[in-house]
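A.B. asks: There's a structure below that I have some questions on.
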Amino acid sequence: MPSRKPFCLSLFVLWAFGSPLLGQTFYGSITGTVTDASGAAMPAVAVTVTNTSTSERHAVETAADGGYRFVNLVPGTYSLAVEKPGFKRTTRDDIKLDVAAVARLDVSMELGDVTQSIEVTGAAPLLQTENASLSQVVATRQVEELPLNGRNVLNLVSLTPGVVPQGSSDGNLTGKNVFAAGNYQIGGGTANQGASYYDGVPVNITYGNITALVPSQDAVSEFRVQTSNNTAEYGRYNGGVINLASKSGTNQYHGSAYEFLRNKRLNAANFFANKAGAGKAAFVQNQFGADIGGPIRKDKTFLFFGYEGYRARQGNLFSETVPTPAELQGDFSGYLNASGAQIPIYDPLTQCGQYNNAACGSGTVQRSQFPNNVIPASRINPVATKILGFPEYGLPNTAGQPFTSNLNYARNAATGGDNDQINVRGDHQLSDKQRLLARYTRWRSNNLPVNVYGNALLSGDPFSPEAFVTINTVLADTYAFRPTMIFDVRAGFLRWSYARTPGTLGTDESSALGLPSYYQQVPTLNGLTPSTTWPSIGVTSPTYNAIGTGLLLGRDDTYTLVPTMTWIKGRHTFKFGSELRKNELNYFQNNSPGGVFSCDNLFTSQNALSPGATGSGLASLELGLPASGVLQTSLFTLATLHYESFFGADTWQVNNKLSVTLGLRWEIPGVYIERFNRQATFNPKEVNPALQNVAVNGQPVLGAFDLVNTPNHPESGLNPEQYRLFAPRIGVAYRLTNKTVIRTGGGIFYLPSTLQFPQGPYSNPLDYFVNNEITTINSQVTPLNTLSNPYPNGLQPAPGRNPNYQAALLGGALSGHGDLQYEKYGYTYQWNFTVQHQLPGDLSLEAGYAGLRGLHLPQGGLNLNQINPQYLSLGSQLKNQVPNPFYGTVQFGALSQPTVQMGQLLLPFPQYTSLSDPGGYVGDSTYHSLQVKAEKRFKTGGTVLASYTFSKILANVETLTSWLETQAGGVSGVQNIYNFAAEKSLSNYDSRQRLVVSYVYDLPVGKGKQFLNSLHGFADRIVSGWGFNGVTTYQEGFPLGLTASPNTTGLNTGLRPNVSAGCNKITSGSDQQRIGQWFNTSCFSVPAAYAFGNESRTDPVIRGPGIANYDLAIFKRTTIKERFNLEFRAEAFNLANRVWFGPPNTVATTAANNTFGQITTQLNQPRLLQLALRLRY
């Protein structure tokens, strides 16, 4: 493959020395026009802006049309001075320049002596007059003072119209999954697919686009949320951009020290904890820190340092179903349904006839019930005895539901963790032309294991201990060749290190559980073997909490280089630029190092093909008969990816009213290259080389994996490089009057190439192999291998790059990374039209339409090996055993047996038991929204911001981080890949209406204020300095996606239920009255065998519970000395103690004791009170 180095080097030289550039920046601009009293333009007028905090000064002269523009200004407060001989000098102070903002200040000069001065008063305009992007600034006081649960500054992103926070994104991120930080739907884009910048460099890593850094609240000066139609400087995202700016030192020393405290006594109890009699959970949380900023050398060198620590120990309610002591001994005589009738347990070894034997009738199997519903002790599997003999589950501690004993265990299990963050920033003004910036941030977080059952060793995923460390550095140099040409270069480094360690690391499964010795024979990492962790056990019908977790180690390094420059030429501001990233990902993940055994009721039901309300998953486990078993073997991978982008843009100030921005961005997203070339891409049209002499149904066997860097696939990555991704942008802003602006525009935006994390080398079949237990060869009619010897042929390691890899993959359950020659690359269209009007009293109103169309969006887990629905008419014949053409060739798994099910040979790729595409670009979405915003600024510095969004999202894909989504209940996988059009429905995260009102307000009472302004001394200290801040949120619930179980199609697809036509799905009553039956469950039924359900992907009518939440802070500031004040704060989260119920159980099932339609969880925290003390100076 030709080298890209000369190409990259030539482009680097081009933009470093020959072209004006501007990349992603948090800098702002000040622009305007200078006229005389008659309105005529005034050229050659001296205009100066000065940063009032650092005394940094910039000067330009107006052009022939009277226009001026300052670019690359650090966000802050400025003063403006305009002067020309023969005219009075005009000044304006307190100009607030926000991050990535353009402030327009037009000046009218009066005749007179230059020594005379006119001071213009009044706040800077709230109108956005220079570009068409939709965005919202979260200013310094909002960042510092709004009540934030856990002081997670990114939670303020949700103040913006068009933003919907999704699962786990709220509150402090300690104790949560690492993907939670960026889990926001912005501008109709998919959650966790946006872009975040801190001081102009990205903080999204390669691995799944994780937002790897959330700065401390007191380290952030302000930030901007950009939701639609950004200019060509921005790319590599779906939806929107979060642009954060750090605090810097100034000419005055300033700082603070603080402590935020919560404990159990101040909190309310969880709704279901009260219901179960568990009461308040333990809760102790401390958040503390200090910061200082000031001059090292006045007007030249400034330093800021901040530290924050967080310690949390709290109880979270886990309301679970656990086995009774009798059931653990095999006694199911008390296993009852909701009517009090016994649920029979059947012996799988007592068939009256084998499958399709006329003695039982075609397609039926009938078994005998265990006498008295008790499994004899001699029949209980010895491995199961040891598994259940260990205190794996807790014993019942509450009565549970009548008869069924569901939810018979409730415990406020300890959760929490520790994190620490330091931020250091230095600024240096080398000269009037050159400015330097450097910042270093280190964030360490440890998530403690969740001890659900009193045995920390058996914490289940995601409850195992986790730790990560983020290091972020920025170096920036800004140089003004002349006032109209400014060069800026910034380099960034981002390192994210992560480890998830099972509590049972070191367990010897062979001796502890009696599993075979081959568990010791497959090394995975540093000498560890699969037997070093406890196996994961999952039980359904009834459902018990899964036990056991995986091992994960990773380090992701991102090197970023962004040289930037702006060139102002008359009415044009030209911007050309580039962004280069080098990503290095070292990664190991084994989701089942000790094996995963999943047990359901089919082996102990009366008829495995039509189980009805019979059988028990726990009984199947005790017999040693899991429904499935897998054990993964993995290799440590080392991957590199290069990302390049180049853009050009022109902002043309056509006249004083009209501004037009045109831009074009060229994206080269890059592909993963594994250091040892251990990658193979799936080619569906190639005859499999390992099966040249094998035919299936008279046809050659198609489908093979081609190694990278071979004649069949000469590229080093799985996919060819993309060189034709061009993204045009246009924006128009027109000032209808001095108080009204119309803005419109649109553009194309390409997605990151690394959104779907299984597309990395670590999940390639060469590096990540899944061994499947053959539990049955006839759909759980007859058991085959048991827990005592689940893999009689031994365990197969991940093949790596070796000559026999093709044969080693046969019979496997694989992820087939398809070449992009069969797939398009994902992108979105964005467009908007808005009208903004400024009213008297510093009040701005904005209303507009924003839309997004997503095309070729990644769909996770797409089943490439689904049987064609035309064969479903064969029904139970698909389970018939027929001679296996792969026998003798395949050495492991179900295809190593002499016979195989007929249906297997009708699959598109019968040589594999399953084959999925972890990120096929097949999805699409459509977003339409009405966005309304009102913003009021008070002269005292307070603000009120009200944001309302009315929207609708139609999609056939959802977020790729579905494991976070507890708020909507999730959706099934694709039900039928041959009818993908049927997947289009309301998005699972379609929030039809959302209103957020935030406010920061100082009471106008005390000396120098509107009321009681004559007070002095002690009286003034008592009544002055009071204020309150808060956030109020209302949001409609999300659509529910229903699934069906058991999946009797045998298709390994996301089966959905049937819905009865005309049935009223809605139940009446308040949220609390409906938790026992949230919707009419009788409208839904499980489809017949070998049939698909007719329910849509998400239901168009039924939605989960909505949000009505009130967060409030009351504060009192007391001046101690001239530069010192003490602030006391009392903050209440969920002030009204409103319960936001979790989604109901959405699995329609025939299993007994199911909770279909019932709500058993509370999503939000009960009312939390927090006290804080802060010393400022």
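Quick note on my numbering: the sequence shown kicks off at 691 and runs consecutively.
Beta carbons: idealized from backbone N, C-alpha and C, even for Gly.
1) Between which two residues does the beta strand (DSSP E) carrying Ser1615 extend?
2) Taking the beta carbon of Ala1498 as the centre, do at least 16 other beta carbons fall within 10 Å, making it buried, or is it exposed?
3) Just verifying my parser: in three-state terms, what is the DSSP assignment at Ser1009?
4) Give the secondary structure of Thr1845 by DSSP, where H, G and I count as helix, E and B as strand, and everything else as coil.
5) Could you please give the first and the last residue of the uninterrupted alpha helix (DSSP H) stretch that includes Gln1496?
6) Leaving out five residues before and five after Ala1048 in sequence, what residues of the same chain have Cβ atoms less than 7 Å from its Cβ?
7) Looking at the secondary structure, which residues open and close the alpha helix (DSSP H) in which Ile1792 lies?
8) Under 8 Å Cβ to Cβ from Pro1013, same chain only, skipping five residues before and after it: list those, please.
9) Do you know how far the Cα of Val1837 is from the Cα of Leu1085?
10) Quick one: grab the DSSP three-state call for Gln916.
11) How many Å lie between Gln1848 and Ala1100 at the Cα?
12) Count Cβ pairs between the stretch 1785-1805 and the stretch 1814-1826 that sit closer than 8 Å; are there 3 or more?
13) Is the beta carbon of Glu998 closer than 7 Å to that of Gly979?
14) Do the CB positions of Thr917 and Ile876 come within less than 7 Å of each other?
15) Helix, strand or coil for Val1252, going by three-state DSSP, please let me know.
16) Tell me where the beta strand (DSSP E) around Val761 begins and ends.
17) Going by alpha carbons, who is nearest to Glu949 out of Ala935, Ser911, Val1391, Tyr1000?
18) Have a look at Lys786 and Ala829 and give me their C-alpha separation to the nearest angstrom.
19) Pull up the DSSP beta-bridge partners for Lys1811, would you.
20) Are the CB atoms of Leu1865 and Ala947 within a distance shorter than 7 Å?
21) Would you mind reading off the limits of the alpha helix (DSSP H) that contains Glu1312?
22) In the DSSP assignment, the alpha helix (DSSP H) including Lys965 goes from what residue to what residue?
23) By the three-class DSSP mapping on this structure, what secondary structure does Leu801 have?
24) Quick check on the DSSP output: the alpha helix (DSSP H) that includes Gln1762 runs from which residue to which?
25) Leaving out the 5 sequence neighbours to the left and right, which residues in its chain are closer than 6 Å to Leu993 when beta-carbon positions are compared?
26) Report buried or exposed for His1706, applying the criterion of at least 16 other Cβ atoms within 10 angstroms of its Cβ.
27) By the three-class DSSP mapping on this structure, what secondary structure does Arg1864 have?
28) Let me check understanding here. Comparing Cα to Cα, which of Leu1456, Phe1366, Glu1785 lies closest to Ala1394?
29) Using the Cα positions of Asn1063 and Thr1088, report the straight-line distance between them to the nearest angstrom.
30) Am I right that Asn1907 and Leu1858 are in contact with their C-beta atoms under 8 Å? What's the rounded C-beta distance?
31) Going along the chain, which residues of its own chain have a beta-carbon closer than 6 Å to the beta-carbon of Leu1397, five neighbours each way excluded?
32) Let me know the secondary structure DSSP gives Cys698 once reduced to three states.
33) Taking Cβ positions, are Arg841 and Gln907 nearer each other than 7 Å?
34) My guess is that Tyr1517 and Phe1599 are in contact by the Cβ rule of under 8 Å, so how many angstroms apart are they, rounded?
35) For a quick check, are the C-beta atoms of Ile1420 and Arg759 less than 7 Å apart?
36) Would you kindly report the start and end of the unbroken alpha helix (DSSP H) that includes Thr1075?
C.D. replies: Let's see:
1) 1610-1627 is the span of the beta strand (DSSP E), which, as asked, contains Ser1615.
2) When all chains shown are included, Ala1498 counts as buried.
3) Correct three-state label for Ser1009: strand.
4) Assignment of Thr1845 by DSSP, reduced to helix, strand and coil, places it in the coil class.
5) Per DSSP, the unbroken alpha helix (DSSP H) holding Gln1496 starts and ends at 1495-1499.
6) Below a pLDDT of 50, predicted positions are generally treated as unreliable, and Ala1048, at 49, falls in that range; no measurement from the model is reported.
7) Careful: Ile1792 lies outside any alpha helix (DSSP H) and carries neither H nor E.
8) Leaving aside the five residues that flank Pro1013 on each side, the residues in its chain whose CB is nearer than 8 Å to its CB run, in chain order, Leu1078, Tyr1083, Tyr1234, Leu1308.
9) Those two C-alpha atoms are separated by around 26 Å.
10) Here Gln916 sits in strand by DSSP.
11) C-alpha separation (whole angstroms): 17 Å.
12) With a cut-off of 8 Å, the stretch 1814-1826 and the stretch 1785-1805 count as touching, because enough Cβ pairs lie within range.
13) Yes, the Cβ-Cβ distance between Gly979 and Glu998 is below 7 Å.
14) Cβ distance < 7 Å, so Thr917 and Ile876 count as in contact.
15) Strand.
16) Note, Val761: beta strand (DSSP E), 757-763.
17) Closest in alpha carbon position to Glu949, among Ala935, Ser911, Val1391, Tyr1000, is Tyr1000.
18) Looking at the two C-alpha atoms, the distance is approximately 10 Å.
19) Lys1811 is bridged to Phe1814.
20) A distance below 7 Å separates the beta carbons of Ala947 and Leu1865.
21) Annotation: the continuous alpha helix (DSSP H) that includes Glu1312 extends over 1307-1312.
22) Its alpha helix (DSSP H) spans residues 961-966.
23) Under the three-state reduction of DSSP, Leu801 is assigned to strand.
24) For Gln1762, the enclosing alpha helix (DSSP H) begins and ends at 1761-1764.
25) For Leu993, same chain residues with a beta-carbon under 6 Å away, outside a window of 5 residues either side, are Gly939, Ile986, Gly1116 in chain order.
26) With a threshold of 16 other beta carbon atoms within 10 Å, His1706 falls short and is exposed.
27) Secondary structure of Arg1864 (DSSP, three-state): strand.
28) Here the closest residue by C-alpha is Leu1456.
29) Approximately 24 Å, taken between the alpha carbons.
30) For the chain, the structure presents residues 691 to 1867; residue 1907 sits outside this window and is missing.
31) Cβ neighbours of Leu1397 beyond the five flanking positions: Ala1370.
32) Residue placement at Cys698 is poorly supported in this model, since its pLDDT is 47, which falls under 50; the coordinates still yield a value, given next. Cys698 falls in the helix class under three-state DSSP.
33) A Cβ-Cβ contact shorter than 7 Å links Arg841 with Gln907.
34) About 29 Å separates the beta carbons of Tyr1517 and Phe1599, which is beyond the 8 Å limit, so they are not a contact pair.
35) Not in contact: Ile1420 and Arg759 (Cβ atoms no closer than 7 Å).
36) Membership of Thr1075 in the alpha helix (DSSP H) is indicated by the continuous run 1072-1079.
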